[in-house]
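Participant: So that we are looking at the same thing, I have put the structure below in structure tokens.
Numbering (UniProt numbering), first residue to last: 1 to 505.
Shown next, in the form of structure tokens:
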């Protein structure tokens with residue numbers, strides 16, 4: 001092992017541990033009881049094998065290899081009572097065996113080539129047994145939380161996606177831009193190692209506030225503290241470190257715990273919104289008539305909240321887009337976070353799609369077509385090698401069509417006619433190569449808008465559900481008034497139009 005690799009291995013091991021020095025953790029232990037809350041009985045596990053998704057005792061048809069499946073079923077039946085006792089003892093004593101909390105950190109490159117440790121994502125390989133236990137606790141925690149805990153957190157939630165997050169953010173901006181002399185500032189916040197800086201004591205206090213049993217909170221505190229980890233780089237391993245901060249990326253509970261940790265990150269003004277998708281945070285500031293005082297208060301509150309919760313704002317990666325269609329108006333003032341200038345850009349890749357300051361989708365369309373043309377080359381190669389038509393169709397649907405239709409309900413309706421033709425030309429080329437008819441993008445767009453609309457109507461906790469209101473007759477949904485084509489062609493007005501047209505069939 002060369003000296004450079006050895007140094008990198010030791011630095012990677014120390015990367016998460018060094019976060020302890022960023023802010024001293026609260027040494028006050030979480031409350032054991034709450035004076036105004038009745039005592040809860042400890043969570044009890046009655047069948048670990050059956051509840052954690054381990055193989056059932058009956059081999060399923062089509063499983064391969066059959067012998068291995070049968071052996072797994074027999075071993076699972078034998079281990080079931082043992083693991084059930086271990087889990088119940090852990091819950092009753094609020095302690096997790098240290099061997100189940102140990103982790104091996106694998107540095108996964110974020111970009112290529114890598115130039116520094118910040119270009120790696122530390123992914124934790126944890127015990128499979130502990131993952132089964134975490135799934136039990138995941139259901140228990142969710143059962144004790146309100147379904148509308150954080151309506152603007154679109155990650156790790158049922159009936160939520162990146163498509164929903166972008167649609168809600170854009171509708172908020174487009175609806176505000178209907179007013180005269182108004183503009184929008186969108187701040188795309190980047191946190192440094194957000195999962196690795198969670199303070200367990202602060203998280204447990206939030207869990208108690210939300211009504212979780214104290215025993216569960218203490219168990220979670222034990223789950224996040226005194227964790228041992230090593231870093232593995234190829235065949236080499238670093239020495240062991242013990243951590244008392246953060247939620248390892250790779251654990252079953254970590255995503256939910258992070259969402260709970262950030263649930264109280266809310267806008268200072270009701271007119272604004274903070275869109276969250278895991279640790280990707282976007283502040284949509286609606287500014288009327290050049291009054292940016294609310295924007296300053298909004299970002300100041302976010303900065304203060306981040307500091308109090310030990311989350312570090314990465315100003316170097318934070319970006320801002322200013323959407324301003326005013327013909328005559330003063331230039332928006334440059335923005336600072338912690339004394340550092342935030343770069344203003346014309347385009348930004350937001351949750352996988354390219355957003356432009358003029359809210360056009362030309363740049364996004366160009367990026368999609370460029371990638372799709374590269375994939376068409378592989379489709380031609382497969383056809384040249386006489387691959388079965390069904391396999392060609394599978395390749396198209398999984399690679400090219402999925403690329404063309406990612407978040408299609410957000411941007412396709414607002415695309416220009418030339419852009420739509422360019423996109424459809426990719427589909428027609430693939431159709432010629434495969435030799436069978438393919439659905440048009442317009443048909444896919446309409447079908448997905450209709451599906452999204454039905455999902456929003458069924459889910460009253462979704463932030464977009466309030467826009468679907470039945471008229472007194474009960475035959476149609478009330479349309480969204482719009483002065484500009486920007487709003488008229490966006491997702492929510494288009495979805496309501498398509499929904500109303502389907503109701504009359």
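Note that CB positions come from ideal geometry on N, CA and C, so glycine has one too.
Could you check what DSSP says for residue 97 in three-state terms: helix, strand or coil?
Facilitator: Locating residue 97 in the chain shown gives position 97, counting from the first residue. Of the three classes helix, strand and coil, the one that applies to residue 97 here is coil, per DSSP.
Participant: Across which residues does DSSP place residue 274 in a beta bridge pair?
Facilitator: On the chain shown, position 274 is the one that residue 274 refers to. Looking at the DSSP assignment, residue 274 forms a beta bridge with 283.
Participant: Residue 341: buried (16+ other C-beta within 10 angstroms of its C-beta) or exposed?
Facilitator: Locating residue 341 in the chain shown gives position 341, counting from the first residue. Exposed, since its Cβ has fewer than 16 Cβ neighbours within 10 Å.
Participant: I need the straight-line Cα distance from residue 277 to residue 149, nearest angstrom please.
Facilitator: Reading the chain shown from its first residue, position 277 is the one you call residue 277. Reading the chain shown from its first residue, position 149 is the one you call residue 149. So the two alpha carbons sit approximately 14 Å from each other.
Participant: Could you pull out every unbroken alpha helix (DSSP H) segment of at least 4 residues lying fully inside the segment 469-503, listed in chain order?
Facilitator: Counting only runs of 4 or more, we get 485-488 and 491-503.
Participant: Quick one: any contact between the segment 192-202 and the segment 295-305, if contact means 3 or more CB pairs under 8 Å?
Facilitator: These segments do not touch.
Participant: Excluding sequence positions up to five away, which residues of its chain have a Cβ less than 8 Å from the Cβ of residue 151?
Facilitator: Counting from 1 along the chain shown, the entry for residue 151 is found at position 151. Correct list, in chain order: 461, 462 and 463.
Participant: Return the first residue and the last residue of the alpha helix (DSSP H) that residue 208 is part of.
Facilitator: On the chain shown, residue 208 is found 208 positions in, with the first residue counted as 1. Where residue 208 is concerned, the enclosing alpha helix (DSSP H) stretches over 200-209.
Participant: Which first and last residues belong to the alpha helix (DSSP H) in which residue 456 is found?
Facilitator: In the chain shown, counting from the first residue as 1, residue 456 sits at position 456. Taken as a continuous stretch (DSSP letters only), the alpha helix (DSSP H) holding residue 456 covers 441-458.
Participant: Need the endpoints of the alpha helix (DSSP H) that residue 508 sits in, please.
Facilitator: There is simply no residue 508 to check, as the chain begins at 1 and stops at 505 in what is shown.
Participant: Roughly how many angstroms lie between the CA atoms of residue 155 and residue 348, to the nearest whole one?
Facilitator: One-based indexing of the chain shown puts residue 155 at position 155. One-based indexing of the chain shown puts residue 348 at position 348. Each residue's Cα considered, the two are about 20 Å apart.
Participant: Residue 346 by DSSP, collapsed to three states: which one?
Facilitator: The residue labelled residue 346 in the question sits at position 346 within the chain shown. DSSP places residue 346 in coil when its eight states are reduced to three.
Participant: Hey, could you find the ends of the alpha helix (DSSP H) residue 223 is sitting in?
Facilitator: For this step, residue 223 is matched to residue 223 along the chain shown. Where residue 223 is concerned, the enclosing alpha helix (DSSP H) stretches over 214-224.
Participant: What first and last residue would you give for the alpha helix (DSSP H) that runs through residue 154?
Facilitator: As a position in the chain shown, residue 154 is number 154, starting the count at 1. Counting along the chain, residue 154 falls outside any alpha helix (DSSP H), and DSSP gives it neither H nor E.
Participant: Could you please give the first and the last residue of the uninterrupted alpha helix (DSSP H) stretch that includes residue 256?
Facilitator: Taking the chain shown and counting its residues from 1, the one referred to as residue 256 is at position 256. Run containing residue 256: 254-261, per the alpha helix (DSSP H) assignment.
Participant: By DSSP, does residue 177 sit in helix, in strand, or in coil?
Facilitator: Your numbering for residue 177 matches position 177 in the chain shown. Coil, per DSSP.
Participant: Strictly by DSSP, which residues pair up with residue 357?
Facilitator: As a first step, residue 357 must be located in the chain shown, where it is residue number 357. None, per the DSSP bridge assignment.
Participant: Suppose the cutoff is 7 Å on Cβ atoms and the five residues either side in sequence are ignored; what does the same chain contact list for residue 176 look like?
Facilitator: Your numbering for residue 176 matches position 176 in the chain shown. If we look at residue 176 and ignore the five residues flanking it on each side, its Cβ neighbours are 182, 184 and 286.
Participant: Determine, using beta carbons only, whether residue 490 comes closer than 8 Å to chain B.
Facilitator: The chain labelled as chain B is not found in the depicted structure, where only one protein chain is given.
Participant: Out of 186, 392 and 339, point me to the one whose CA is closest to residue 435's CA.
Facilitator: Translated into the one-based positions of the chain shown, residue 435 becomes position 435. The shortest Cα separation from residue 435 among 186, 392 and 339 belongs to 392.
Participant: Does the distance from the CB of residue 408 to the CB of residue 357 come in under 8 Å?
Facilitator: The count along the chain shown starts at 1 and reaches residue 408 at position 408. The count along the chain shown starts at 1 and reaches residue 357 at position 357. No; because the gap between Cβ atoms is not below 8 Å, this pair is not in contact.
Participant: Under the DSSP definition of a beta bridge, which residues are partnered with residue 106?
Facilitator: Reading the chain shown from its first residue, position 106 is the one you call residue 106. DSSP output for residue 106 lists 123 as bridge partner(s).
Participant: Roughly how many whole angstroms lie between the Cα atoms of residue 344 and residue 267?
Facilitator: Within the chain shown, residue 344 is the residue found at index 344, counting from 1. Within the chain shown, residue 267 is the residue found at index 267, counting from 1. When rounded, the distance between both Cα atoms is 21 Å.
Participant: For residue 280 and residue 359, which I take to be in contact (beta-carbon distance under 8 Å), what is that distance rounded to the nearest angstrom?
Facilitator: Within the chain shown, the letter at position 280 stands for residue 280. Within the chain shown, the letter at position 359 stands for residue 359. In fact, because the Cβ distance is near 20 Å, the residues do not count as touching under 8 Å.
Participant: What does the alpha-carbon distance come out to for the pair residue 146 and residue 477?
Facilitator: Counted from its first residue, the chain shown places residue 146 at position 146. Counted from its first residue, the chain shown places residue 477 at position 477. Cα to Cα, residue 146 sits roughly 28 Å from residue 477.
Participant: Under three-state DSSP, which class holds residue 332?
Facilitator: On the chain shown, position 332 is the one that residue 332 refers to. Three-state DSSP puts residue 332 in coil, outside helix and strand.
Participant: Determine the closest residue to residue 354 out of 410, 397 and 239, with distance taken between C-alpha atoms.
Facilitator: As a first step, residue 354 must be located in the chain shown, where it is residue number 354. Closest option to residue 354, Cα to Cα, is 410.
Participant: How is residue 292 classed by DSSP in three states: helix, strand or coil?
Facilitator: Here residue 292 is taken as the residue at index 292 of the chain shown, counted from 1. Reduced to three states, the DSSP call for residue 292 is coil.
Participant: My assumption, with CB atoms under 8 Å, is that residue 338 sits in contact with residue 375. Please give the rounded CB distance.
Facilitator: To locate residue 338, count along the chain shown from 1; it is residue 338. To locate residue 375, count along the chain shown from 1; it is residue 375. So it is not a contact: roughly 42 Å between Cβ atoms.
Participant: Is the Cβ-Cβ distance between residue 423 and residue 450 less than 8 Å?
Facilitator: In the chain shown, the residue the question calls residue 423 occupies position 423. In the chain shown, the residue the question calls residue 450 occupies position 450. No, these two residues do not count as a Cβ contact at 8 Å.
Participant: Is residue 91 near residue 104, with beta carbons less than 8 Å apart?
Facilitator: Indexing the chain shown from 1 puts residue 91 at position 91. Indexing the chain shown from 1 puts residue 104 at position 104. In this structure, residue 104 does not lie closer than 8 Å to residue 91 by Cβ.
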